[in-house]
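Quick note on the working numbering: the sequence shown kicks off at 2 and runs consecutively.
Positions of the beta carbon are idealized from the N, C-alpha and C atoms, including for glycine.
In what follows, a single structure is set out as structure tokens and then discussed.
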Amino acid sequence: ADECGLSEPWVSSLKNNGVATFAKLSFAITSPGTVASDDQVTRFMANLRPGVVATIADLSAFKRILFESQTLMIHRFKSAAKGDDLTPKRMPAPERDARLALQRQHLRGLDISGPLEPAHSLYDMCAQMVERNEVAYISPSKCLSRQQELMGAKPEKELQLDASKTGLIIKEQPITQEISLTSDLALFQAMQRRALAMDLANLATYEVMKKWVDRMFAVFSQPAAPGFSKISQAQLLRADRQAFVRLSETFTGSLKVMPMAGKPLDPMIEKLENDVSVTYFMLPAEYTPQLAKALATTILEAVAGTLKLTNVSQVSKRLKLSHFHAIAAGKQPTKMTSLPTALGDVDSGVAVTGGAHLVCNRGICARKEPHLKLERLEIVGDCNDFVFGVRWSPEQFLEQAVLVGHPFREFSGLLPEVKLACEKLTSWSHEDLVNWRCKKLGEWLRLAKSLQGEEKALKDRMPEARRRILERKRVALMRHLIRQEGYDDHTLADDIEFGFNLVGDCPKSSVLPSKLVPATISKDDLRRHSAKASKALRYMTRSSGDVELDAGLWTKTMTEVEKGWLIGPIPWETLPVGAAVSRRFPLSQAGKVRPIDDLSQSQVNSTVNTFEQATVDGPDVICSLATYLMRCLVDQGRPSCLKGRSLDLASAYRQLAIADESLQHSFLSVYDPEGGSAKLFQQVALPFGSRSAVNAFIRCARFLQWIAAKVFILPLTCYFDDFVAFSMPSLCNNSQSTLCLMLDILGWRFDREGPKSDDFSESVSALGVLFDLTESERGILRVCNTTKRINDATLILDDVLSNGRLVKKDALSLRGKLAFCDAFIFGRVGKLALQDITKHAYANPFVSQLSERLVESLRRLRGRLVSGSPRVLTCKMLETFFLFTDASFCRSSGGGFGAFLAAPDGAVISWFGIHVEAERFARWFEQGRQTSSGNLKPLLSTLP
2 ADECGLSEPW VSSLKNNGVA TFAKLSFAIT SPGTVASDDQ VTRFMANLRP GVVATIADLS
62 AFKRILFESQ TLMIHRFKSA AKGDDLTPKR MPAPERDARL ALQRQHLRGL DISGPLEPAH
122 SLYDMCAQMV ERNEVAYISP SKCLSRQQEL MGAKPEKELQ LDASKTGLII KEQPITQEIS
182 LTSDLALFQA MQRRALAMDL ANLATYEVMK KWVDRMFAVF SQPAAPGFSK ISQAQLLRAD
242 RQAFVRLSET FTGSLKVMPM AGKPLDPMIE KLENDVSVTY FMLPAEYTPQ LAKALATTIL
302 EAVAGTLKLT NVSQVSKRLK LSHFHAIAAG KQPTKMTSLP TALGDVDSGV AVTGGAHLVC
362 NRGICARKEP HLKLERLEIV GDCNDFVFGV RWSPEQFLEQ AVLVGHPFRE FSGLLPEVKL
422 ACEKLTSWSH EDLVNWRCKK LGEWLRLAKS LQGEEKALKD RMPEARRRIL ERKRVALMRH
482 LIRQEGYDDH TLADDIEFGF NLVGDCPKSS VLPSKLVPAT ISKDDLRRHS AKASKALRYM
542 TRSSGDVELD AGLWTKTMTE VEKGWLIGPI PWETLPVGAA VSRRFPLSQA GKVRPIDDLS
602 QSQVNSTVNT FEQATVDGPD VICSLATYLM RCLVDQGRPS CLKGRSLDLA SAYRQLAIAD
662 ESLQHSFLSV YDPEGGSAKL FQQVALPFGS RSAVNAFIRC ARFLQWIAAK VFILPLTCYF
722 DDFVAFSMPS LCNNSQSTLC LMLDILGWRF DREGPKSDDF SESVSALGVL FDLTESERGI
782 LRVCNTTKRI NDATLILDDV LSNGRLVKKD ALSLRGKLAF CDAFIFGRVG KLALQDITKH
842 AYANPFVSQL SERLVESLRR LRGRLVSGSP RVLTCKMLET FFLFTDASFC RSSGGGFGAF
902 LAAPDGAVIS WFGIHVEAER FARWFEQGRQ TSSGNLKPLL STLP
């Protein structure tokens, strides 16, 4: 008020009427976002001080304060709605300086400067905790000092859409700089800086935080008890993280308290010392160095008598036991460990292998057998190097390599049922295969007819909305087939019947690989914050700035209502208490409008616990299927000619329903271009933006893939809702009819016409990749990028080259797209060019301008996209040859490298060795390198 020039009587009147905060003032006349008229302002001020006419100066000053309060409240609404926004709320510089001055006055005995002065970004992270009213973990690696922050790269600026989505603004990208905690002192200072920042933000008192940090480091510095190892820095960091987790779980009040009321986190921090879930991570780990010592002593005593060692005890004490400690800990030991000079009087040496054999390390001992057992030790020669470890002779190593074979032999990625289907498909006769498929389809049809009564009773028990979505699904038939055929996902049919949850635990299928991704908030937290978040999201649901996009989104939404996937529009007043609302916005893809339901912004996705990884079959698995099928045909003495097709399920996610208990979290806020406001809808079909929906649908897709291979001998690959099948030309019509009829019987809709419909042919397009089968008769599969993907990638490259700049975010996105394209172009030169993009993105300090080398690399990638040869795979690639390479280097005598080629049975076909003088490596050491063996080894693979 003083800054705006509002006189003291008016300020007192506002306080006397209870309008003492910006939040109350912003709603005193009009809602934020609605400009108050002059008459409304005049009447309000007249009510404040009856009989007093406001001067022009007071009137203008009050308007400014009102404008600032409403603007601040709008910004607060946006911040509350963006629950996944990682950009910290910045503490204003005057406020930070004032608080820092008070803190220095309070902590006079502490010099808050140099390594103890927190970075401004650390203050901002603490301020963000207060703003969001939730405790978040600040890793010590992010607790920079002000000096480190100033030496870091300046944050890049980027163009973004403004709040109205109609204009552009320039904003700084968030600072993601971290420090390396290479020493205990660096970690201690980082935690001190965090304590100071939390004290300044009124989260916790510095003395309380410092006491807890001192306690952790006191335990950290304690010597280990006998039989246990000292507490590591990793354990300390895990305990530090768990402490913040416990603070988040136990704190239920508000972080936005007045300073005189005390710091809100102090009581909980004082209890951390007695919290078992935190101190558990600082317990010393059990360690058995006795085992390591026993290994060394046993070996020394075994050879002491023969070697006439009189100082075994001294050698045992001086021996470096790192090798044996590694064995005791279950780790891979180092290659070589030399005995100390105490054994200098020994005239011969041995190497002990895993089978308790001895072998000379230098190969100069005059004995016929390379491996000698301890029971009949014979030592001849003049060497004193001892090697401990598992070791093979060159011949034995080659023998082991032949037994392991090449990874392609395993065809990783193909389900066992799919591989078995390929073998049956190529070994059965045409007539037997057609008769088998017809027999199984007939059995399914008869079984479906016998289960009609059960299907009807099952559908009658469903709510109307879910029954409409699952109307075509034969759930009873699917449940019967799962039991009959022995599919491991026993509850899949039940989950389809009752719907899938959007929050909480995802069901385990027992068919997908295990991978735990825990939730970050609980369902109770979601319900507790839902009221404020829903209001904020309703306010944020505005026009995208594009009239056609808005109209297209509304049309798509109303179409989903007609199909029964959505219910609405619903009055906002009927929104249940605790319900979560997500925002729907449009995305333009290839000239079409795609509705995106942002369940991450509403934090619905943050409540999901997934225990399995939703895997899909990418282009590599498609190649494996085609190649393996051709190989099976060749093994059967049949032509390897193949044709293929892709099949897409229609609106795949919308063919599954949401569980009743999750319907309260399935509301959508959609912008209505006609009414110019947000309208409320409720989803009853699985949304595309849900984490749990991904796992749910992949379970269904994997079942369809499994049942097709198991029952109908129809091998498929599965990439979400895209299926790819290959077949011999004589069986194409039968395979297509079988696949379509199988989906019809189970009640799954698929694209029968249009651009996504397909027939068996010699050219299959899927996932932006073209699989060319024109030479499959010769056992050859060619794989390349589709024309559309090439055109899209070259267009992006042309824009980058013309602009001459590339920010980090765009660089990483470009690298991902180009890496995918380059994988289907012959040669490895593209990988070097991709490395230059990575170096540009992670350069410190970062410079967005393209370097000459990066420009050259981008042009090289563009040339490969346009004129590069496709990848060529052959079914004969399973005839494995073995190429072994090695290199050595010495600064004085130069380097050497060589290789040998072995046949599939292990017979050596050819070999070579080359010596290079040391002078020719001069340029390799310009950047301070100490050796070049690491550069010589990859060079071998490039030699013709």
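Check	Outcome
Report yes if the C-beta distance between residue 514 and residue 613 is below 8 Å; otherwise report no.	yes
Quick one: is residue 873 near chain B, going by C-beta distance under 8 Å?	You won't find chain B in this structure, because it holds only one protein chain.
Evaluate residue 724 with the Cβ neighbour count: other Cβ atoms within 10 Å of its Cβ, from every protein chain shown; 16 or more gives buried, anything less gives exposed.	buried
Using a Cβ-Cβ cutoff of less than 7 Å, which residues in the same chain neighbour residue 621 once the five nearest sequence positions on both sides are dropped?	414
By how many angstroms is the C-alpha of residue 914 removed from the C-alpha of residue 601?	59 Å
Could you tell me which whole beta strand (DSSP E) segments of length 3 or greater appear in the segment 856–934?	872–875, 883–891, 895–903 and 909–917
For residue 459 and residue 500, what's the separation of their Cα atoms in angstroms?	13 Å
Look at the alpha carbon of residue 866 and the alpha carbon of residue 917, and state the distance between them as a whole number of angstroms.	37 Å
Determine the closest residue to residue 852 out of 491, 658 and 837, with distance taken between C-alpha atoms.	837
Between which residues of its own chain and residue 783 is the CB-CB distance below 6 Å, once the five residues before and five after are set aside?	773, 871 and 873
Going by the beta-carbon positions, is the gap between residue 267 and residue 214 smaller than 8 Å?	no
Whole beta strand (DSSP E) runs in the segment 581–638 with 3 or more residues, listed along the chain?	582–590, 593–599 and 609–613
Helix, strand or coil: which one does DSSP assign to residue 724?	strand
Below 6 Å CB to CB, which residues in the same chain sit around residue 269 once its five sequence neighbours on both sides are set aside?	248, 251 and 252
To test your reading of the DSSP string, which unbroken beta strand (DSSP E) runs of 3 or more residues are found completely within the segment 62–136?	none
State yes or no: is the C-beta of residue 671 within less than 8 Å of the C-beta of residue 558?	yes
Hey, is residue 772 close to the ligand FMN, as in C-beta under 7 Å from one of its heavy atoms?	By its list of ligands, the structure shown contains no ligand whatsoever, and the ligand FMN lies outside what it can speak to.
Quick check on the DSSP output: the alpha helix (DSSP H) that includes residue 510 runs from which residue to which?	It is not in any alpha helix (DSSP H) - residue 510 carries neither H nor E in the DSSP assignment.
In this structure, how does DSSP classify residue 14 when only helix, strand and coil are distinguished?	helix
Locate the alpha helix (DSSP H) running through residue 268, then write down its first and last residues.	267–271
Going by DSSP in three states, residue 235 sits in which element: helix, strand or coil?	helix
Contact defined as beta carbons within less than 8 Å: I believe residue 189 pairs with residue 239. What is the distance between those atoms, to the nearest angstrom?	Wrong, their Cβ atoms sit about 17 Å apart, outside the cutoff.
Are the beta-carbon atoms belonging to residue 497 and residue 687 less than 8 Å from one another?	no
When the distance is taken between beta carbons, is residue 67 closer than 8 Å to residue 11?	no
Going by DSSP in three states, residue 850 sits in which element: helix, strand or coil?	strand
Do residue 761 and residue 728 come within 8 Å of each other at the CB atom, strictly closer than that value?	yes
Mind checking who residue 645 pairs with in its DSSP beta bridge?	727 and 762
Looking at the structure shown, is residue 516 part of a helix, part of a strand, or coil, going by DSSP?	strand
Within the same chain, show all residues whose beta-carbon is closer than 7 Å to that of residue 467, passing over the 5 residues directly before and after it, in chain order.	500, 658 and 685
Keeping to the same chain, check which residues put their C-beta closer than 6 Å to that of residue 220; ignore five residues upstream and five downstream.	283
Can you name the residues that DSSP bridges to residue 670?	584 and 681
Can you list, in chain order, the residues of its chain whose CB lies under 7 Å from that of residue 592, leaving out five sequence neighbours each side?	none
The alpha helix (DSSP H) with residue 746 in it runs from where to where?	733–747
Determine the DSSP secondary structure at residue 329, reduced to helix, strand or coil.	Because the pLDDT at residue 329 is just 43, under 50, the model does not fix this residue reliably, and the value given afterwards should be weighed accordingly. Three-state result, residue 329: helix.
I need the DSSP call for residue 527, collapsed to helix, strand or coil.	helix
Which residue wins for smallest C-alpha separation from residue 122, given the options 71, 73, 106 and 180?	180
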